[in-house]
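Asks: Questions regarding the structure given below will be posed in turn.
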Amino acid sequence: MRTIKEKKEHPRLRKTARTKKVTHRKLSSGPVCLLCFQEPGDPEKLGEFLQKDNLCVHYFCLILSSKLPQKGQPNRGLHGFMPEDIKKEAARASRKKYAHTSAKHFFKCPQCNNREEFPQEMLRMGIHIPDRDAAWELEPGAFSELYQRYQHCDAPICLYEQGRDSFEDEGRWRLILCATCGSHGTHRDCSSLRPNSKKWECNECLPASTEGE
């Protein structure tokens, strides 16, 4: 869900979904693969777990990497993959994360926009994109901030003795949010609203609503 670009969010507003997509990997007690960040795991699924000079990597991660050349002989490096090339590939892959978050939902043919046959054909050719939700969406309470209601009086002069961040459930000190954007608020008295008023628009939205009439 995107907000209107023209709206300037107050510092107290929640962070948007876009700012939450960065997640932190859980620290492992043992060695992990430099390319997939997973522990050794099942050799049948991930391949042999190779280690050399503090460099750890799954064999399948090596052979399935997009731009990792096999320059050496089988007895050199890690089955012919040189350590310096593996590190370069890991650095390159770390900058290309789109396909590992939610790209499967938007994966389509660039020519005809086909979403059914194209992914299956790419899978047959060895191009696999995990069908899963974005990593940040799987965190506990990932959407909890989306349910938080704006709670701040933005009137030029706040008259409430308890301050801008306090309000009452009813009466003159009830907090009324902008009916258009919901990103600004005011106490009824601070904007000279009627005691029973439930509608108010901030200064940023008022000109737009007036033009539309």
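Add 127 to the 1-based position in the sequence shown for our numbering, that's all there is to it.
No residue lacks a Cβ here, since even glycine has one placed at the ideal position from N, Cα and C.
All of these numbers come straight from a predicted model, not from anything done at the bench.
(1) For Ala306, is the classification buried or exposed, using 16 other Cβ atoms within 10 angstroms of its Cβ as the cut-off for buried?
(2) What number of angstroms, rounded off, separates the C-alpha of Ala217 from the C-alpha of Gly290?
(3) Whose C-alpha, out of His314, Glu331, Gln165 and Asp180, is nearest the C-alpha of Asn323?
(4) Quick check on Phe176: does DSSP put it in helix, strand or coil?
(5) To which residues does DSSP link Cys183 through a beta bridge?
(6) Leaving out the 5 sequence neighbours to the left and right, which residues in its chain are closer than 7 Å to Phe234 when beta-carbon positions are compared?
(7) Can you give me the C-alpha to C-alpha distance between Leu189 and Asp260, rounded to a whole angstrom?
(8) Going by beta carbon distance, what residues of the same chain come within less than 8 Å of Gly199, once the five residues before and after it are set aside?
(9) Would you tell me roughly how many angstroms separate the C-alpha atoms of Leu173 and Pro158, rounded to the nearest one?
(10) Hey, out of Gly253, Gly298, Cys317 and His311, whose CA is closest to Tyr277's CA?
(11) Assign Arg321 to one of three DSSP states: helix, strand, or coil.
(12) What residue does the alpha helix (DSSP H) around Leu250 start on, and which one ends it?
Replies: Straight from the coordinates:
(1) exposed
(2) 52 Å
(3) Looking only at His314, Glu331, Gln165 and Asp180, the smallest Cα-Cα distance to Asn323 is reached by His314.
(4) strand
(5) Gln178
(6) Excluding sequence positions up to five before and after Phe234, its CB lies within less than 7 Å of the CB of Pro246 and Ile256, all in the same chain and listed in chain order.
(7) The straight-line gap from Cα to Cα measures roughly 25 Å.
(8) Gly207, Phe208 and Met209
(9) 14 Å
(10) His311
(11) In this structure, DSSP gives Arg321 a state outside helix and strand, which the three-state scheme calls coil.
(12) Going by DSSP, Leu250 is part of the alpha helix (DSSP H) stretching over Glu244 to Arg251.
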